[in-house]
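One rule links them: number in my numbering = place in the sequence shown (from 1) + 8.
Every residue, glycine too, gets a C-beta built ideally from N, C-alpha and C.
Bear in mind that the values here come from a model prediction, so they are computed numbers and not experimental data.
To start, the structure itself, in structure tokens.
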Amino acid sequence: MPMVRRMAESAACGSDHSLAGLRVLVTRARHQSAGLVTLIEQHGGTAIRFPVIEILPTRDPPAARAAMAKLDDFALVIFVSPNAVEHGLAMLDTARVAQTRAAFAAVGESTAAALAQAGLASVLRPAAGASSEALLALPELGETAVAGCEILIVRGEGGRQLLADTLSKRGARVTYAEVYRRAAPKVKGGGLGSGGGNGGIDTIVITSLAGIENLFAMLGADAAGWLKEAGYVVVSERLAAHARALGIKEQPVIAAGADDRALLEALHRWRAAHPGDGK
Numbered sequence: 009m010p011m012v013r014r015m016a017e018s019a020a021c022g023s024d025h026s027l028a029g030l031r032v033l034v035t036r037a038r039h040q041s042a043g044l045v046t047l048i049e050q051h052g053g054t055a056i057r058f059p060v061i062e063i064l065p066t067r068d069p070p071a072a073r074a075a076m077a078k079l080d081d082f083a084l085v086i087f088v089s090p091n092a093v094e095h096g097l098a099m100l101d102t103a104r105v106a107q108t109r110a111a112f113a114a115v116g117e118s119t120a121a122a123l124a125q126a127g128l129a130s131v132l133r134p135a136a137g138a139s140s141e142a143l144l145a146l147p148e149l150g151e152t153a154v155a156g157c158e159i160l161i162v163r164g165e166g167g168r169q170l171l172a173d174t175l176s177k178r179g180a181r182v183t184y185a186e187v188y189r190r191a192a193p194k195v196k197g198g199g200l201g202s203g204g205g206n207g208g209i210d211t212i213v214i215t216s217l218a219g220i221e222n223l224f225a226m227l228g229a230d231a232a233g234w235l236k237e238a239g240y241v242v243v244s245e246r247l248a249a250h251a252r253a254l255g256i257k258e259q260p261v262i263a264a265g266a267d268d269r270a271l272l273e274a275l276h277r278w279r280a281a282h283p284g285d286g287k
């Protein structure tokens, strides 16, 4: 049985030591990192939390609430992230959400899971991947399906334009509800990367373009060398290409999605390709 398959199967069955000795930098926002950290530790690895994204309230709550309040005016409501679900639905009464006529869509599995936790189990989502491109490839969002439809995109401030631009070209009328914003946390003195050391990090998990930009900015020029030498697990081809453009030397491993299990499986693939690292 191939090594990757063995590792993926053991990852699905509970705790083991298949990541023993591996030191993984987990860069998710602090309130969203616990699940992945637990999985890494259950499989013998060491997870170092270093959040590179901080999720803050939107700068314009009245505008966001006004857009969310018109839920019934839309044929489709698209959530682009678990943060969009958390902050967007918090602006609405639970009963109102359950009774709306709008259909719901999620960019990826972790966003769909957040909607399911909120009681919205019937959600359009890509079968694989976690990107605007994957969602736009679904026939339900094709030109004949969305032409003339009112669509609400629930997102953070200043997100990608691809989803709205493409749906607009297909004839939909698109509105944004920008329900949160992202910021780079402030690094305290003596943090990771000070003096150019990497703290023994083998691989780094990155889930957004803003995240990798913030990582380099937060750690500064002293850390640039080891950041470019490190291994990476990312969530899309687009993010992998951006990482290489920043000077990262090794091709990142691309996870099948941004959910914890997909990231764990990608870490097993990284370990399979680097059997001597972290040991």
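query = Going by beta carbon distance, what residues of the same chain come within less than 6 Å of GLU62, once the five residues before and after it are set aside?
reply = Cβ within range, chain order: ALA191 and PRO193.
inquiry  = Would ASP268 and LEU64 be called neighbours here (beta carbons separated by less than 8 Å)?
reply    = Result no, Cβ atoms of ASP268 and LEU64 do not sit closer than 8 Å.
ask   = Under the DSSP definition of a beta bridge, which residues are partnered with ALA191?
value = Paired residues: GLU62.
key: Segment contact flag, the stretch 159 to 169 with the stretch 70 to 84, C-beta cutoff 8 Å, min 3 pairs   = By the Cβ rule, the stretch 159 to 169 counts as touching the stretch 70 to 84, because three or more pairs are nearer than 8 Å.
key: Cβ-Cβ separation, HIS250 to ILE220 (assumed contact under 8 Å), whole Å   = The Cβ separation is near 7 Å, so the contact holds.
query = Can you name the start and end residues of the beta strand (DSSP E) that ALA253 belongs to?
reply = Per DSSP, ALA253 belongs to no beta strand (DSSP E); it is in the alpha helix (DSSP H), 245 to 253.
ask   = Are there 16 or more other CB atoms within 10 angstroms of the CB of ALA136, so buried, or fewer, so exposed?
value = ALA136 is exposed by the Cβ-count criterion.
ask   = Among residues of its own chain, excluding the 5 on either side of ALA172, which ones have a beta-carbon nearer than 8 Å to its beta-carbon?
value = ILE161, VAL182 and TYR184, listed in sequence order.
inquiry  = If I follow the unbroken beta strand (DSSP E) through ILE214, where does it start and stop?
reply    = Premise fails: ILE214 is in no beta strand (DSSP E) and is neither H nor E.
ask   = CB LEU44 to CB MET76, shorter than 8 Å?
value = For LEU44 and MET76, no; Cβs fall outside 8 Å.
inquiry  = Whole angstroms are fine: how far does the CA of ALA232 sit from the CA of ALA42?
reply    = Rounded to whole angstroms, ALA42 to ALA232 spans 27 Å at the Cα level.
request  = Assign SER216 to buried or exposed, taking buried as 16 or more other Cβ atoms, counted over all protein chains shown, within 10 Å of its Cβ.
outcome  = Under this definition SER216 is a buried residue.
key: Reduced DSSP secondary structure (H/G/I, E/B, other) of LEU235   = Of the three classes helix, strand and coil, the one that applies to LEU235 here is helix, per DSSP.
Rounded straight-line distance, which links the Cα of GLY166 to that of ARG73 = It is roughly 17 Å from the alpha-carbon of ARG73 to the alpha-carbon of GLY166.
task = Specify the secondary structure class of ALA280 as computed by DSSP and reduced to three states.
result = Of the three classes helix, strand and coil, the one that applies to ALA280 here is helix, per DSSP.
ask   = Can you name the start and end residues of the beta strand (DSSP E) that GLU141 belongs to?
value = Element bounds for GLU141: not the beta strand (DSSP E) but the alpha helix (DSSP H), 140 to 144.
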